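Before any comments, here is the structure.
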Amino acid sequence: MNKILSLLLCAAMFSCDTAKSARQSATRPLAVQSGCPEDGVCTIAKYQNKSIVVTEGERGSLSYQLQDAPSTDVYVLTYTRNVPEGVQDGTYREEIIFESVHTNTATVMEGAALQNAKLLFGRFCYCKGQTGYYRIDKGTLRVSGSTKQRQFSLDFRISETPQILSAIRFSDQS
Numbered sequence: 000m001n002k003i004l005s006l007l008l009c010a011a012m013f014s015c016d017t018a019k020s021a022r023q024s025a026t027r028p029l030a031v032q033s034g035c036p037e038d039g040v041c042t043i044a045k046y047q048n049k050s051i052v053v054t055e056g057e058r059g060s061l062s063y064q065l066q067d068a069p070s071t072d073v074y075v076l077t078y079t080r081n082v083p084e085g086v087q088d089g090t091y092r093e094e095i096i097f098e099s100v101h102t103n104t105a106t107v108m109e110g111a112a113l114q115n116a117k118l119l120f121g122r123f124c125y126c127k128g129q130t131g132y133y134r135i136d137k138g139t140l141r142v143s144g145s146t147k148q149r150q151f152s153l154d155f156r157i158s159e160t161p162q163i164l165s166a167i168r169f170s171d172q173s
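In numbering that gives the first Met the number 0, the protein residues as written are 0 to 173.
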């Protein structure tokens with residue numbers, strides 16, 4: 000009987016600790032503040048201690064991979080348009096990918112300097128010849144705040160392909 004009671008007590012203690020961990024991670028959100036079109040959903044993913052490696056294919060197409068890097072994080076913002084029912088080829092997605100140094104709390108990058116953040120724009124849809132990743136070199140990326148709460152603001156244009164996202168603001172409270 001004592002063994003069973005001990006096991007139940009241990010199980011209760013471990014389950015409480017798990018709930019605490021889930022709560023702690025939920026208090027550090029990434030939040031889109033403005034710029035997400037109303038006809039879709041925007042999400043943000045943060046890859047801590049990662050860096051972007053951009054590669055160019057034989058025909059000039061870009062792709063990227065993430066690699067370990069102790070001083071940078073990679074942010075991937077995704078806009079996914081809502082697809083009307085009954086439409087088979089209506090999926091549409093845009094991505095913005097960039098990296099930021101952990102200690103970066105006050106920076107403004109413009110024009111060609113945007114490539115210091117390895118800033119990429121991706122467009123994915125049934126749009127022949129107008130999909131894939133593109134370097135962003137026209138616009139402004141602003142970073143402000145502290146190492147515990149940073150604000151990001153991006154305004155940009157892509158001349159190679161049509162785009163829906165052109166200005167987005169988000170915060171990282173980590």
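Just so it is clear, CB atoms sit at the ideal spot from N, CA and C, and this is done for glycine as well.
Model, not experiment: these values are computed from the prediction.
Legend entry - Cβ pair Thr77, Glu94 closer than 7 Å: Yes, these two residues count as a Cβ contact at 7 Å.
Legend entry - Val86: first and last residue of the uninterrupted beta strand (DSSP E) it sits in: Per DSSP, Val86 lies in no beta strand (DSSP E) and is assigned neither H nor E.
Inset, instruction - From the DSSP output, in three-state form, read off Leu29 for me. - result: Leu29: strand per DSSP, three-state reduction.
Inset, instruction - Report the rounded CA-to-CA distance for Ile167 versus Gly85, giving the unit in angstroms. - result: Between the alpha carbons of Ile167 and Gly85 lies a gap of roughly 30 Å.
Inset, instruction - Determine contact between the region 88-103 and the region 115-130, defined as no fewer than three beta-carbon pairs at a distance below 8 Å. - result: With the rule of 3 Cβ pairs closer than 8 Å, the region 88-103 counts as touching the region 115-130.
Inset, instruction - Counting only the same chain and skipping the five closest in sequence on each side, list residues whose C-beta sits under 6 Å from that of Ser165. - result: Excluding its 5 nearest sequence neighbours in each direction, Ser165 has no C-beta neighbour in its own chain below 6 Å.
Inset, instruction - Keeping to the same chain, check which residues put their C-beta closer than 6 Å to that of Val107; ignore five residues upstream and five downstream. - result: Excluding residues within five positions, the ones whose Cβ falls inside 6 Å are Arg141.
Legend entry - Closest by C-alpha distance to Phe217, when choosing among Leu61, Ile135 and Gln150: What the structure shows of the chain is the stretch from 0 to 173, and residue 217 is not part of that stretch, so it cannot be assessed.
Inset, instruction - Compute the Euclidean distance between the alpha carbons of Tyr46 and Pro83, then round it to the nearest angstrom. - result: Linking Tyr46 to Pro83 through their CA atoms gives a straight-line distance of about 32 Å.
Legend entry - Bridge partners - Ile157, DSSP secondary structure assignment: In DSSP, Ile157 forms no bridge with anything.
Legend entry - Contact under 7 Å by Cβ, Ala112 with Phe97: At the C-beta level, Ala112 and Phe97 stay beyond 7 Å of one another.
Inset, instruction - Drop a sphere of 10 angstroms on the beta-carbon of Asp67, count the other beta-carbons inside from all chains shown, and report buried for 16 or more, exposed for fewer. - result: Counting the other Cβ atoms within 10 Å of the Cβ of Asp67 gives fewer than 16, which makes it exposed.
Legend entry - Outcome for Asp38 when other beta-carbon atoms lying within 10 angstroms are tallied against a minimum of 16: Classification of Asp38: exposed, given that the 10 Å Cβ count is below 16.
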